[in-house]
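K.L.:
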Amino acid sequence: MPWQHKIPYLIGQPVGVSFTNGQGTSGVLCGVSGGKLLVLEYLYQSQFALKQYDLHMIHDVNGFPPCHTQQPLY
Numbered sequence: 697m698p699w700q701h702k703i704p705y706l707i708g709q710p711v712g713v714s715f716t717n718g719q720g721t722s723g724v725l726c727g728v729s730g731g732k733l734l735v736l737e738y739l740y741q742s743q744f745a746l747k748q749y750d751l752h753m754i755h756d757v758n759g760f761p762p763c764h765t766q767q768p769l770y
């Protein structure tokens with residue numbers, strides 16, 4: 697399925713974004729606006745940034761898989 701068709705189902709979800717240059721990023725998908733993909737990314741401590749990526753730079757967008765743990769991690 698082309699990544700453009702996945703967007704409505706992934707808004708508000710954690711995603712991995714791969715770019716046409718081979719790099720990538722991850723964060724929470726906030727939507728698409730003005731020809732840009734909007735991704736909320738973690739910076740450090742308690743700071744986040746809303747990053748905007750031109751749609752022509754996007755190769756694919758995928759939702760995170762669920763965690764499958766056998767034991768509690770605490």
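Per the working numbering, the sequence shown runs over residues 697 to 770. Glycine included, every Cβ here is placed at the ideal spot set by N, Cα and C.
(1) Taking the continuous beta strand (DSSP E) assigned at H755, which residues delimit it?
(2) Pick out whichever of C763, L746, L734 has its Cα sitting closest to the Cα of L706.
(3) With H, G and I counted as helix, E and B as strand and the rest as coil, what does DSSP make of P710?
(4) Between which two residues does the beta strand (DSSP E) carrying L734 extend?
(5) Given that a residue counts as buried once 16 or more other Cβ atoms are within 10 Å of its Cβ, and exposed if not, what is L746?
(6) When you compare the CB positions of E723 and Y738, do they come within less than 8 Å of one another, or not?
(7) Which one of Q767, Q700, Q741, H764 has the shortest CA to CA distance from G731?
P.N.:
Quick look at the numbers:
(1) 754-759
(2) L734
(3) strand
(4) 732-740
(5) exposed
(6) First, the residue type needs correcting, since residue 723 is Gly and not Glu in the sequence shown. Yes; because the gap between Cβ atoms is below 8 Å, this pair is in contact.
(7) Q700
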